[in-house]
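Order-wise, the sequence lines are chains A and B.
For the first sequence, the numbering used here assigns the number 1 to the initial residue and increments by one for each residue that follows.
For the second sequence, the numbering used here assigns the number 1 to the initial residue and increments by one for each residue that follows.
Where is the CB? At the ideal position from N, CA and C, for every residue including glycine.
Heads up: the structure comes next, in structure tokens.
2 protein chains.
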Amino acid sequence: MAAKTTPTGASRPSGLPPLRRVQSSYIQVADQLRDLILRGDLAVGQKLPSEAEMAPLLGVSRSTIREALRILTTEHLIETRRGIQGGAFVAVPDSERLEGMFNTSFSMLALTNQVDARSFLQAMRALEGPAAALAAAARGGDQVEELKRTAAMVDPADQEAAMQQSADFHSAILRASGNKLLEAMGRPVSAVARSKFRRTVPGLEFWERNQRAHQELLKAILAGDENLAYELATRHIDEDLSPYYLPPEEADRDGAGA
Amino acid sequence: MAAKTTPTGASRPSGLPPLRRVQSSYIQVADQLRDLILRGDLAVGQKLPSEAEMAPLLGVSRSTIREALRILTTEHLIETRRGIQGGAFVAVPDSERLEGMFNTSFSMLALTNQVDARSFLQAMRALEGPAAALAAAARGGDQVEELKRTAAMVDPADQEAAMQQSADFHSAILRASGNKLLEAMGRPVSAVARSKFRRTVPGLEFWERNQRAHQELLKAILAGDENLAYELATRHIDEDLSPYYLPPEEADRDGAGA
């Protein structure tokens, strides 16, 4: 999206200066509208001119405008509403909707082995350590009840419940950080790691240790101990989770690295 | 992208069970194709059936297929090629192309004040601290030359050059981490913070201190000192950068937090 033109890779006749690839009309329209939105020239909530109004301004057909608007919709930059008061509006951006996009992207990187389990664990560690410290600084903030609820012990023999509990608690910590960026990046990183890289079905012992680690971390957060919360959150990833995501010899060697 | 149906917000006649919003045909087609790609049922590089082949299978028009493919193109899941051997192919995912998408999203969150300067600095700190430690663990890895080149002093009176040097060095550290996730998330976070939140035009003193901090960090990375690299990278954000992004009283109080 940044580069609107790329030099052609093809060889060119001598004497010709470098040429740029032709861009489809709808891409050119989408690029212009995106720039206006990102510069703030079109404000959040503002209604865009209708397709019929924009088409002659830009010298394209209404269907070209419609295609451009679909791209911006996919990027969550605009939303369309129906009815008499309907049309295309600059969308209120929503960090939670970003997560779906990140999920898709990270899944593909994992699926094609371009990013391995170790990198996912390092990224989890990078985001969840500081999130736990920030959650402690706020002593859980508005998420105290959610943290307590999701840290509550479940039957470790119930795989399904234990897995859900774990996902929910990690997610609650990211939210309790009060930082929407850490949350929007951290949740998809953990979710993709969980779904793509778990190597074995963890046994009772894993789930018991996992839940004890959560309880300890909860205590540090509620006590407002930032350093301990950071320490426990990162150690939980290095010592409890890494063995289930990394080949055993690597997990033994250095946990999640970094 | 995760949720394909959402409960309607509208009130409903009593006696009716909850209904789900109708999804446009092209969204349904895009959702199905995305699932096939993310599950690996359609492999990277594989050619999709033509619009003419898919349309009757899915009971839609060729233009509906085309619209669905445009959405997947925007998500970088497929790419279309022209000519006799052309068509739609499952794209090789590319962490660098993700950055454009992240940039757009983070810009919007910053623009609408949904995520403030402090959160951006916390996220930078979360990603760049571990990246510096990983870069040190690899003693710069394949990026040694890039790190040295981008850490080289430039004239601090040349704003433009000094700003570019700083962006390049931070970017080189993320790349030297060898972790494509940290890089794909970290670069847009820094870039958006830089473009949206710089409060003042920094003076000579800032650029001199900034460059000295880079040189120190470079030394720690080349020496393979992970702890020192982490410490210097995070301190650089807390002490050098925060004052230029946060209101003075907040910057004095606690740096970038966490």
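- Closer than 8 angstroms to the CB of residue 219/B there is not a single CB belonging to chain A.
- The beta-carbon of residue 182/B is placed less than 8 angstroms from the nearest beta-carbon of chain A.
- The criterion of a C-beta distance shorter than 8 angstroms is not satisfied by residue 79/A and residue 62/A.
- With distances taken between CA atoms, residue 234/A lies nearest to 133/A out of 65/A, 73/A, 133/A.
- Out of 157/B, 137/B, 164/B, the CA that lies nearest to the CA of residue 149/B is found in 164/B.
- Relative to residue 182/A, the option among 77/B, 118/B, 40/B, 47/B whose CA is nearest is 118/B.
- Separation of residue 96/A and residue 184/A (C-alpha to C-alpha, rounded to the nearest whole angstrom) is 6 angstroms.
- Residue-level contact by beta carbon holds for residue 114/A and chain B, with a gap shorter than 8 angstroms.
- Fewer than three beta-carbon pairs drawn from the region 85-95 of chain A and the region 120-135 of chain A are found closer than 8 angstroms, and the two stretches are therefore not classed as touching.
- When DSSP states are grouped into helix, strand and coil, residue 75/B belongs to the coil group.
- Look at residue 88/B here: in three-state DSSP terms it is strand.
- Separation of the CB atoms of residue 173/A and residue 131/A is rounded to 6 angstroms, and the pair is thereby assigned contact status at 8 angstroms.
- Counting along the chain, no alpha helix (DSSP H) covers residue 43/A, and no H or E run does either.
- DSSP places residue 205/B inside the alpha helix (DSSP H), whose first and last residues are 204-222.
- Under the 10 Å beta carbon count, residue 15/B is surrounded by fewer than 16 other beta carbons and is classified as exposed.
- The alpha helix (DSSP H) runs lying completely inside the region 127-206 of chain B and spanning 4 residues or more are 144-151, 159-176, 180-197, given in chain order.
- Here residue 112/A carries a coil assignment [DSSP, helix/strand/coil].
- Identification of chain B residues near residue 40/A by a Cβ-Cβ cut-off of 8 angstroms yields 111, ordered along the chain.
- Across the set 37/B, 102/B, 231/B, 19/B, the C-alpha of 102/B shows the shortest separation from the C-alpha of residue 189/B.
- Per DSSP, the continuous alpha helix (DSSP H) segment holding residue 31/B begins and ends at 25-38.
- When 7 angstroms is used as the limit between beta carbons, residue 68/A is near no residue of chain B, the shortest such separation being about 10 angstroms.
- For residue 33/A, the nearest beta carbon of chain B is not closer than 8 angstroms to its own beta carbon.
- Taking the Cα of residue 115/B as reference, the smallest distance to any Cα among 197/B, 92/B, 152/B is reached at 197/B.
- Under the 10 Å beta carbon count, residue 29/B is surrounded by 16 or more other beta carbons and is classified as buried.
- Bridge pairing for residue 80/B: 88/B [DSSP].
- Distance check between residue 143/B and each of 176/B, 222/B, 25/B places 176/B closest, using alpha-carbon atoms only.
- Within 7 angstroms of the CB of residue 74/B, the CB atoms of chain A belong to 71, 74, 75, in sequence order along the chain.
- Taking C-alpha positions only, residue 104/A is separated from residue 113/B by approximately 26 angstroms.
- In the DSSP annotation of this structure, the continuous segment of the alpha helix (DSSP H) that includes residue 58/B starts and ends at 51-58.
- Closer than 8 angstroms to the CB of residue 104/B there is at least one CB belonging to chain A.
- For residue 95/B, the neighbours in chain A by C-beta distance under 9 angstroms run, in chain order, 105, 109, 114, 115.
- Contact between the region 66-74 of chain A and the region 23-37 of chain A is present: three or more C-beta pairs spanning the two stretches fall below 8 angstroms.
- DSSP places residue 243/B in the uninterrupted alpha helix (DSSP H) bounded by 242-245.
- Across the set 210/A, 129/A, 135/A, 192/A, the C-alpha of 210/A shows the shortest separation from the C-alpha of residue 161/A.
- Exclusion of the five residues before and after residue 167/A leaves 190, 191, 194 as the residues of its chain whose Cβ lies within less than 8 angstroms of its Cβ.
- According to the DSSP assignment, residue 231/A belongs to the alpha helix (DSSP H) that extends over 226-235.
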